[in-house]
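Okay, structure first, notes after.
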Amino acid sequence: MEYLNKLLNKQDYLLTYRTEILEIITYSIVSFFLPLMIGHPQLVVGIVVNALLITSALNIKGYKLLPVIIAPTLGAFSRGILFGPFTIFLLYLIPFIWIGNAILIAAFKALNLNKKLNYWITLTIGSAIKSLFLFSIAYLLFKLNIIPVIFLTSMGLFQFYTAIAGGILAFGFQKVKRKISN
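Everything in the sequence shown is counted per the working numbering, starting at 1 for the first residue and increasing by one.
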């Protein structure tokens, strides 16, 4: 348990308590309202949400990561339009999407911040694990006739591509933030 606590409290660079709280509030609000405001194209929403997840992983400590993990899915579900008439099926996937988001964050905490693995390798591994996890769950739920086939595409390679693109966006954003903070 102590290892997990240490891992979750890793940061790319030290933030003041006030800055960390401001960032978590900003990331949470943006990640919730982005699907509500933009909705489509889902590609843009996915990229920005993944950028926020990765930036949060690099800057936010511990339990304060939960709002960013949870908020985007609640925003998408609240919008009710992302998957049109299929949005109700998103309800079955919500807990797994939260786990997928947590997987991406954990990859950055464990591999990049703790093990000092290269950012791009971490991004590739975290994105692959997240997308494989979500696709596996979607495939299982599809095979059990719980969700329609449309979710196989959105929970597979689409997740990988948006996580990679979000990671590229987060990398640039993080570099700018680090320069400003020094």
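Even for Gly, the Cβ is constructed at its ideal location relative to N, Cα and C.
Predicted model only: the values in this text are computed from it and were never measured.
I need the straight-line Cα distance from residue i to residue j, nearest angstrom please.
| i | j | result |
| --- | --- | --- |
| residue 158 | residue 131 | 8 Å |
| residue 123 | residue 90 | 25 Å |
| residue 9 | residue 25 | 17 Å |
| residue 137 | residue 182 | 43 Å |
| residue 6 | residue 110 | 10 Å |
| residue 178 | residue 113 | 15 Å |
Helix, strand or coil for residue i? Go by DSSP, reduced to three states.
| i | result |
| --- | --- |
| residue 167 | helix |
| residue 59 | helix |
| residue 45 | helix |
| residue 24 | helix |
Among the options, which one has its Cα closest to the Cα of residue i?
| i | options | result |
| --- | --- | --- |
| residue 3 | 87, 115, 50, 74 | 115 |
| residue 47 | 171, 182, 163, 1 | 163 |
| residue 166 | 33, 55, 72 | 55 |
Counting only the same chain and skipping the five closest in sequence on each side, list residues whose C-beta sits under 7 Å from that of residue i.
| i | result |
| --- | --- |
| residue 52 | 27, 30, 31, 68 |
| residue 92 | 141, 146, 147 |
| residue 43 | 162 |
Is residue i near the ligand NAD, going by C-beta to nearest heavy atom under 8 Å?
| i | result |
| --- | --- |
| residue 62 | Within the structure as shown, the ligand NAD is missing, as the structure has no ligands at all. |
I believe residue i touches residue j by the beta-carbon criterion, under 8 Å. Please report the beta-carbon distance rounded to the nearest angstrom.
| i | j | result |
| --- | --- | --- |
| residue 100 | residue 35 | That belief does not hold up - the Cβ atoms of residue 100 and residue 35 are roughly 15 Å apart, past 8 Å. |
| residue 134 | residue 97 | 7 Å |
| residue 70 | residue 20 | With a Cβ gap of about 18 Å, residue 70 and residue 20 do not count as contacting. |
Quick one: residues in its chain with C-beta nearer than 6 Å to the C-beta of residue i, no 5 flanking neighbours on either side, listed in chain order?
| i | result |
| --- | --- |
| residue 94 | 73 |
| residue 168 | none |
Any beta carbon of chain D sitting closer than 9 Å to that of residue i?
| i | result |
| --- | --- |
| residue 55 | Going by chain labels, chain D is absent from the structure shown, which holds only one protein chain. |
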